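The structure appears below as C-alpha cells.
Residue numbers (mature numbering (1 follows the signal peptide of the UniProt record, and there is no 0)): -33 to -1, 1 to 1109.
Encoded structure:
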C-alpha cells in the first residue's frame, strides 16, 4: 500500500512539475520576445502577399485573389499589428489556460469521482482555444467560416452521439478518429494551396518535412479508422487479412513514402509538389487500409487505441505545419494517451505492440492448437432453472462479462439478475478483463449504462487471488479471457493474463456454441468437471434465468449494503437445509485426529451438504470437530451421521478422509477396496505405503498435488501455506520485543522492523504481504529467479545471489542447487541476517530433506531479541543434526537460545493455530477432489488421469509412488506429434524469448544508457545547426507535452479507458484551430475557392468531433454511479426496470 501511494505521489508530482515547465515555456516563448510584429509577419498564418506562380491545371488549383479581398486582408493585418502587444498577450494567456485545462482534463479521468470535472475542463479548454484563435488578424473577418460548419456539426453530432448505443461506442470512436485524420489531410493540402505565402516566398525543407509527414500520418489515420469501424460493425470481415508477402508489401509502401518525401523536400516547383502530395495521400491511405485490415478481431482494442494515438500525432504535425503550439500540445497529449493505452492493452494480452501493428492472432503459434478438443456432447449442459437454483443457493457470486454480452445487448438483463440476487442477501461482484470487448474499458461502460454500481465492478487483479471464495461464477460471452491455456507454456496465448474462473467451486458459461474465440484456439475450460454450459443467445438465457430466480424465490430480503467487506465465512456459511439430496451410493468416513498438535478436521460442517449433493453419505467419528470449534450438533444439523467409535466409521465407509497420515491402528481397521484421502508424505514414509498397499487400500496423497492449472483448486498445500505464512509473521512479532512499523514519538523516531523471508513460494509470499501490511521493511530471496517480480509487486526487496543459476525445477518447485551456488548464498545470507529482526524460512524441496540455510554461526551473529521462524522443521534432516532450514531449530517448540539470545520458532503445524478457518479451507479442497473423482455416482480412480497419477501412491495392492527425481519430464504439448517436431516447433519461441531477454538486458544496461544520452546530445547539437528557432521551440513544447501526457495517462483507472478515448477524441477536434488559422481573407460563401472549401470541410469534421466526442463522454460519465441496491424499489428488484417482459 505504501509503495502504491508513493508511486502515485511521484507520478502526480512529476506530471505537475512538467506541466508547469510547459506553461512557463509558453509564456516566455510568446510574450518575452521584443520582435513580436516581425515574428507574426513571418508565421504561417500571416501571409505577406499573393502567390502568382500557379499553373492552370485541373489537378493544381489556381487562384487570383481580387483586389477587394487583398485590401481587406492587409487592413486587418495593419489593424492587428497596431494592437499587437495587447492582442498577443491576451491570446497567449488564453492558450496557456487552455493547455492547463487539457492536462487537467486527462488527469481528471484518473477516477470516477473527478472524471466529470475533467470532462468539463476539456470543454472549457476547447472554448478558450477557439476564442484565442478569433484574435488572429486573418480570421476575424471570416467568422462565418466558423459559425456555419459549427452549427452544422451541432445538428449532426448531437443526434448521433445521443442515439448511439453503448455497444456501438467503439465504432463511433473509430469513426471520429477518421474525421480527425481527414481534417488534418485537408489542412495540409490547404496549406500547400493557400494563395498567400510568406513574405520571403520561401518553402523551407523543414516546412516540407512537416507537411509531408503530417499528411502521411493523417491519411493512415483516416483510412485505418474507416476499416476499423467497418470491422467493428461487421461491414468488413473481423478476421485478419493475410495477403501473401504482406510484410514486404508494408515495407514497399513505407519505402515508397520515403522516396516521395525525399523528392518533395528537394524540388521547388509548386505543381510537382502537388502531384507528390497526391501520391503521398494515396499511398498512405492504402497503407492505412492494409495495416488495420491485417489486424484480427482479437486485437481490435489495441487497434482502436493505436488509431487514437495516430490522430494525436496528426494533430501535432498540423501544429508544426502552421506554427501553432496549441495544436502541438494537445496533439502530443492525445498521441501519448493512445500510445500508452495501446501498451496497456498489449500487456493485458501478452502481446507485442509491433506484432499487433503488423498482424493479429491468426497465423501465430502452433496450428495444431486450433484442432477441436470436443463437442457439445462432451460438456456438462445446464438450463435456466438449474442456473437460477445454483445462484440462489450461493452466498457469493462472480459475473465475468465478455463481448458476447455486448453483442446480445443483455447488460440490462444481467443488471436485473444482480439486483434480484443482492436483494436476497447474495453478494455479487463483476470481474472485468482489461481487453474484454472491442475497446479498453468497454465492459465497464456497458455495466454503467445498466446502472450497475461501480463499487461491485472489480478488475481482474483484484479478483484472481480470491477466486476460491466464490460459490458460483457466471461467464457471459467470454472465451479467450478465461482460457486456462494461457497458463500452459506451449500455448500461443501463454502469458496472457486471464480471469482464473476454473478455481471457483462452480462455473456456469453462457455461450451460443463451443466456437473458438479470437485467438482461434479451443478453450478447455468448457470441458472441466466443475463447469456447466448453457447454450443459446445470452439475452434470452439471462431473461430466462431472471424469470426462474423470481419464480423460485419471490420473497426479498434486505440487501447487504456493505459491498466491500468480504470474509471467507460468506462462502462457507450454509443455507438452511430445505432441499432434498440424492440417494447416497457411497459413504465417506471422517476420522478424529490423534496427534495432540493437530486441531483440524478433514470435513467442516458447512461442506457436508455439498458432499450429500454429490451422492455421498457422511459418517463422523464423535468429537472429530471439537478441536476446530465444531461440535457434533453442528454436524447433525448438516445431515451428517455421528458414530460413537472409529471402528464404526471405518467399517462402514467406502472413502476415508483424514488430515494427518493414518496410524497403525487405523490401517489395521481398514479393508481392501477402500479409498484413503489424507496427507501421506510418501517420500518420508515408505513403510506406511507398504502397509496400505498390503491392505489393498487406494491411497490419495493430498501432499502430492501436481502444479498444473487444473489442479489448483485441489492444492491443499497452497491453502495451508497461505495460512502458515500469515501465522508465521504473527507468531514472530508476538515474540519480537519491538514495534513492527516505524513510528515517530516525542522521544524520537523508531525504525521499522527488518524482516527477511527465505523462499518465495505460497507461504513466503503470504509472509511478505503480511509483514508489509504490518509496516515492516521486508527482504526476500528465492533460488527461482521468476519469483522476483512477485516479491517486488508486494513491496519487498528481492535479494539476488551473484551466481547465475536458476533453481526452478520445471514442476513449480525448487531444485537442489550446486555447491558453488550454496556457498555464495550462505555468504550473502550471513551478511543480511546480521541486521534483521525477523527471519522466516520456508525453503522445501519435494522428496528431499529441507535445505540447510541458517547455521549456528549465523544465529549467533543476530541481535539479541531477534526471532527465527523455521517453517521447514517437519522435513528436517535430523540425521545430520539439523532441525530444519535452521541448524538449531527444535521441532514443534518455541524456545530462547541462550547462547545468542535469539528466539527460535519451530512449529510444524501453524494452520492449526487457526483451526476453524483451516478446516474449512481443507474441506473445500477435499470436496473439489471428490468432484474430480466423479462424485458418488461416477466414482473412479483413473491412473491415466494426469491429475491423479502422481497423487495415487497405492492402488491394487501396489505402491505406485514415484520419487520426484525419478519421474519422467513433463509431457510435451498436444500439438507435438514427436519429440523432433516439438523441438522444431518450440525452438523459434525459445529463441525469440532468449533474444528478447538479451535485448532487454542490453537496453537497460548502463552502457546503453550512456550511449543513448551521448546520441541525444549530439542530435540536439545537430538540430541547433540546421533548424530555426521557432521549430526548435515547437520541438521542446512537443517533447514536454508527450512526457506530461505519459504521467497523466498512467493514473487513469481501467474502468475509464473508454471515456478517456472518447474525451481525447473530442480534444483532437482542436485541429479546427488549424483550419481557422489557414483561412486567410477568402470567404467561401461569396467567392468559392478550392483551398477554402477544404478548410470548410475540415472545420465541419473537427466540429463534429468536438460536439459528438464531449457529448458521448458526458453520457458515459453520468452512467457511472455508486447507488446502493437497497434504494431500489421492489419492482425494480424484480427486474421490471430493465426487462419489460417480466
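Where is the CB? At the ideal position from N, CA and C, for every residue including glycine. These numbers come from a predicted model, not from an experiment.
Task: Reference residue 625; option with closest CA among 658, 635 and 591 - done: 591
- [ ] Go ahead and label residue 749 buried or exposed: buried means 16 or more other beta carbons lie within 10 angstroms of its beta carbon, across all protein chains shown.
- [x] buried
- [ ] Could you please give me the residues that DSSP links to residue 478 through a beta bridge?
- [x] 502
Task: As assigned by DSSP and simplified to three states, the class of residue 89 - done: helix
Task: Per DSSP, cross-strand counterpart(s) of residue 748 - done: 725
- [ ] Using DSSP bridges, identify the partner residues of residue 396.
- [x] 365
Task: Check whether residue 400 and residue 275 have beta carbons under 9 Å apart - done: no
TODO: Identify the continuous beta strand (DSSP E) that holds residue 286 and give its terminal residues.
DONE: No beta strand (DSSP E) contains residue 286, which is instead part of the alpha helix (DSSP H) from 267 to 289.
Task: C-alpha distance - residue 494 paired with residue 348, whole-angstrom precision - done: 10 Å
Task: For residue 924, the three-state DSSP class (helix, strand or coil) - done: coil
- [ ] Please list, in chain order, all residues of the same chain as residue 393 whose beta carbon is under 8 Å from its beta carbon, the five residues on each side excluded.
- [x] 358, 359, 361, 362, 363 and 364
TODO: Alpha carbon to alpha carbon, how far is residue 507 from residue 433? Give it in angstroms, no decimals.
DONE: 30 Å
Task: Proximal residues to residue 366 (C-beta, below 6 Å), its chain only, five neighbours per side dropped - done: 397 and 441
- [ ] Answer with buried or exposed for residue 1081, where buried requires no fewer than 16 other C-beta atoms within 10 angstroms of its C-beta.
- [x] buried
TODO: Can you tell me which of the three DSSP states residue 585 falls into?
DONE: strand
TODO: Return the residue from the list 445, 729 and 490 that minimises the CA-CA distance to residue 458.
DONE: 490
- [ ] Return the chain-ordered ranges of every alpha helix (DSSP H) run that is complete within the stretch 769 to 841 and spans a minimum of 4 residues.
- [x] 786 to 800 and 823 to 828
Open item on the list: With distance defined between alpha-carbon atoms, name the residue in 310, 155, 248 and 189 nearest to residue 1024.
Closed with: 310
TODO: Pull up the distance between the alpha-carbon of residue 974 and that of residue 999, whole angstroms please.
DONE: 29 Å
Task: Beta-carbon spacing of residue 826, residue 867 below 9 Å - done: yes
Open item on the list: At 3 residues or longer, what runs of the beta strand (DSSP E) sit wholly inside the stretch 690 to 726?
Closed with: 710 to 712, 715 to 717 and 721 to 725
- [ ] On a CA-only basis, which of 865, 863, 832 and 812 is nearest residue 844? Give me that one, please.
- [x] 812
Task: Among 1085, 1076, 1066 and 1083, the one whose alpha carbon lies nearest that of residue 97 - done: 1066
Task: Burial state of residue 327 (16 or more Cβ within 10 Å) - done: Model confidence at residue 327 stands at a pLDDT of 47, short of 50, so the residue's coordinates are unreliable; what they give is reported in the following sentence. Flag for residue 327 reads buried.
Task: Close beta carbons around residue 621, own chain, < 6 Å, minus the five adjacent residues each side - done: 553 and 554
Open item on the list: I'd like the ranges of any beta strand (DSSP E) spanning at least 3 consecutive residues and lying wholly in the stretch 369 to 452.
Closed with: 394 to 399, 424 to 426 and 439 to 443
Open item on the list: I'd like the list of long-range same chain contacts for residue 151, defined as Cβ closer than 7 Å, with 5 residues on each side in sequence excluded.
Closed with: 181, 185, 281, 282, 285 and 1038
Task: Counted within 10 angstroms of its Cβ, other Cβ atoms place residue 767 as buried (16 or more) or exposed - done: exposed
Open item on the list: So the candidates are 471, 110, 828 and 481; which of them puts its Cα closest to the Cα of residue 679?
Closed with: 471
TODO: Output yes or no for whether 9 Å exceeds the beta carbon distance between residue 722 and residue 691.
DONE: no
TODO: To the nearest angstrom, report how far apart residue 695 and residue 834 are at their CA atoms.
DONE: 11 Å
TODO: Compute the beta-carbon to beta-carbon distance between residue 95 and residue 1034, rounded to the nearest angstrom, for a pair I have assumed lies under 8 Å.
DONE: That pair is no contact at about 13 Å.
Open item on the list: Please state the DSSP three-state secondary structure of residue 292.
Closed with: helix
TODO: Pick helix, strand or coil for residue 247, following the three-state DSSP scheme.
DONE: helix
Task: Own chain residues within Cβ distance below 8 Å of residue 1078, not counting five before or after - done: 124, 125, 128 and 129
Open item on the list: Quick check on DSSP: helix, strand or coil for residue 1058?
Closed with: helix
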